[in-house]
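Asker: Residues 946 to 1025, numbered by this note's numbering, are exactly what the sequence shown covers, in order. The structure under discussion is supplied below as structure tokens; questions concerning it will follow.
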Amino acid sequence: MRFTSVRLGTMAAAVALAIGVPSTGGAQQAETGPKVGDMAPDFTLRGVTRDGPMREAIKLSSYKGNTVVLAFFFKARTKG
């Protein structure tokens, strides 16, 4: 029983390692997302306040010319 568990664990680790190793076969990885200093792409989202979700969606382009700060509180409204 123990031998099977060890073998299974070793095989799982080998598969995870093989999947996790990036290929160095000459293909360059494409950059994703904007670079520092680039104009942010326009987006629309539903805002949430302490009173709950906002009725109207917020569009970034409606704040053009103003400073916009996005704050993410990943543990808000959770038990964490």
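Each residue gets a CB set at the ideal place from its N, CA and C atoms; glycine is no exception.
What does DSSP give as the partner residue(s) for A985 in the beta ladder?
Answerer: Indexing the sequence shown from 1 puts residue 985 at position 40. In DSSP, A985 forms no bridge with anything.
Asker: From A985 to P979, what distance separates their C-alpha atoms?
Answerer: For this step, residue 985 is matched to residue 40 along the sequence shown. For this step, residue 979 is matched to residue 34 along the sequence shown. The alpha-carbon atoms of A985 and P979 are separated by roughly 7 Å.
Asker: Report yes if the CB atom of I1003 is closer than 9 Å to the CB atom of G1010, and no otherwise.
Answerer: The residue you call residue 1003 lines up with position 58 of the sequence shown. The residue you call residue 1010 lines up with position 65 of the sequence shown. Result no, Cβ atoms of I1003 and G1010 do not sit closer than 9 Å.
Asker: Since D987 contacts L1005 with CB under 8 Å, what's their CB separation in whole angstroms?
Answerer: Along the sequence shown, one-based indexing puts residue 987 at 42. Along the sequence shown, one-based indexing puts residue 1005 at 60. About 5 Å separates the two Cβ atoms, so the contact holds.
Asker: Please classify L1005: does DSSP put it in a helix, a strand, or coil?
Answerer: In the sequence shown, the residue the question calls residue 1005 occupies position 60. In the structure shown, L1005 sits in a helix (DSSP, three-state: H, G or I).
Asker: In this structure, does DSSP put R1000 in helix, strand or coil?
Answerer: The residue given as residue 1000 occupies position 55 in the sequence shown. Residue state, collapsed to three classes: strand.
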